[in-house]
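Following: one structure in structure tokens, then a few remarks.
Numbering (full-length UniProt numbering), first residue to last: 1 to 158.
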């Protein structure tokens, strides 16, 4: 059976990174955008990361420009924006598509594992997926779910 750890993603410099490196750790995987009304969620995600990284939590951010072009063209601008404005220290990866024929295979898998309320596709930026230590998709949270609301479910995985 396929697990999240079976996927390889691209780092901001284009180099491949196997998610096997995160094996045994709970994950929050999120599609992000720097110029979105939900962008302040970076602060909440960073707070969760700081509170629980010692227990193994990893948060993986994937910039996406599919929703009203709300991401910088240049990935360096994206990472700098996240660090300067929200103190983000969790990994930000290369910009991807989350829907359509060019959807990243990881996000196609995530959507297959946990569909949204009415549709399978991701509706907007900051859709969050909670992954257990075995690489199983436990829950999907819509864009408007504040990261603090994930903590109760996360604590069960720590």
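Cβ coordinates follow ideal geometry from the N, Cα and C atoms, glycine included. Being a predicted model, the structure only gives us computed values, none of them experimental.
Identified DSSP bridge partners for residue i
i, result
"residue 138", "In the DSSP output, where bridge partners are listed per residue, residue 138 has none listed."
"residue 61", "30, 92"
Nearest neighbour of residue i, chosen from the options [CA to CA]
i, options, result
"residue 153", "6, 12, 57, 36", "57"
"residue 43", "84, 6, 11, 17", "84"
"residue 136", "12, 24, 63, 14", "24"
"residue 20", "5, 36, 123", "5"
"residue 90", "61, 74, 107", "61"
"residue 109", "125, 69, 140, 133", "140"
"residue 28", "70, 36, 47", "47"
"residue 132", "22, 121, 32", "22"
Distance between residue j and residue i (C-alpha atoms, nearest Å)
i, j, result
"residue 86", "residue 93", "16 Å"
"residue 59", "residue 101", "26 Å"
"residue 16", "residue 148", "31 Å"
"residue 150", "residue 68", "26 Å"
"residue 35", "residue 63", "11 Å"
Close Cβ partners of residue i (< 8 Å) along its chain, the five nearest in sequence each way excluded
i, result
"residue 158", "26, 52, 55, 56, 57"
Residue i - DSSP class collapsed to helix/strand/coil
i, result
"residue 111", "helix"
"residue 98", "coil"
"residue 145", "coil"
"residue 39", "coil"
"residue 75", "helix"
Other residues of its chain near residue i: CB distance less than 7 Å, five sequence neighbours each side excluded
i, result
"residue 18", "8"
"residue 99", "66, 121, 122"
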